[in-house]
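In what follows, a single structure is set out as structure tokens and then discussed.
In the UniProt record's numbering, the protein residues as written are 1 to 182.
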């Protein structure tokens with residue numbers, strides 16, 4: 001299978017065609033869900049990075065090079081955003097994903113990971129709390145669309161799960177803000 005839209009094949013057919021890639025994608029889903037359940041931004045970033053590394057491998061094995069590149073860079077970017085909020089570092093990661101990703105685009109669906117990564121990068125460097133998670137929600141909508149269109153079972157389930165878990169976590173954060181240290 002390649003990064004071309006799958007025509008929404010039955011799930012079992014997709015799994016049979018790429019069992020290793022799909023299995024890694026499903027395992028990554030569990031790590032990713034644990035990330036979006038975190039209310040603490042530091043723990044969120046750590047688990048998000050682990051998820052991004054696993055899903056980069058999933059996309060690489062599926063032949064979705066633009067998505068693999070975006071996810072791999074996202075792991076490095078997520079780690080960096082935990083250490084600095086510098087707009088210059090953010091700009092570095094944005095330019096990097098654009099310079100490396102845009103030339104690989106051969107199909108309109110491949111723009112979605114670039115857009116999702118761009119939105120997520122802004123959020124990780126410039127936002128926190130609920131605003132951070134809203135930016136991840138917007139980027140996640142791009143990734144959800146991409147994953148459905150290329151036939152990524154794990155990726156699709158992951159992103160849909162993330163949308164729900166992220167919304168639930170934002171609701172919990174809004175209803176019950178964490179107390180500030182005295």
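By construction, the Cβ of each residue, glycine as well, lies at the ideal position given by its N, Cα and C atoms.
{"Check": "7 Å Cβ shell around residue 75 - same chain, five flanking residues per side excluded", "Outcome": "49, 52, 53 and 56"}
{"Check": "Buried versus exposed call for residue 42 [16 or more other C-beta atoms within 10 Å across all chains shown]", "Outcome": "exposed"}
{"Check": "For residue 109, the nearest candidate out of 28, 87 and 142 (CA to CA)", "Outcome": "142"}
{"Check": "Residue 136 beta carbon less than 8 Å from that of residue 39", "Outcome": "no"}
{"Check": "Residue 22 (DSSP reduced to helix, strand or coil)", "Outcome": "helix"}
{"Check": "Exposed unless 16 or more other CB atoms sit within 10 angstroms - verdict on residue 148", "Outcome": "buried"}
{"Check": "Residue 164 in three-state terms, based on DSSP", "Outcome": "helix"}
{"Check": "Distance CB(residue 29)-CB(residue 157) smaller than 8 Å", "Outcome": "yes"}
{"Check": "Classification of residue 18 by the beta-carbon crowding that lies within 10 angstroms, buried from 16 upward", "Outcome": "buried"}
{"Check": "Whole-angstrom C-beta distance between residue 60 and residue 90, which should lie under 8 Å", "Outcome": "Rounded, the Cβ-Cβ distance is 25 Å, inconsistent with contact."}
{"Check": "Cut-off 6 Å between Cβ atoms - residues of its own chain near residue 132, not counting five sequence neighbours on either side", "Outcome": "123"}
{"Check": "C-alpha distance - residue 73 paired with residue 177, whole-angstrom precision", "Outcome": "31 Å"}
{"Check": "Uninterrupted alpha helix (DSSP H) stretches inside the stretch 16-97 (no shorter than 4 residues)", "Outcome": "19-36, 41-62 and 65-81"}
{"Check": "Nonlocal neighbours in the same chain, by C-beta distance under 7 Å from residue 120, ignoring five residues either side", "Outcome": "74, 135, 136 and 139"}
{"Check": "Integer Cβ distance of residue 98 from residue 105, believed to fall under 8 Å", "Outcome": "At roughly 11 Å, the Cβ-Cβ gap does not stay under 8 Å, so residue 98 and residue 105 are not in contact."}
{"Check": "Through-space distance from residue 66 to residue 22, alpha-carbon basis", "Outcome": "17 Å"}
{"Check": "Residue 148, enclosing alpha helix (DSSP H) - first and last residue", "Outcome": "129-150"}
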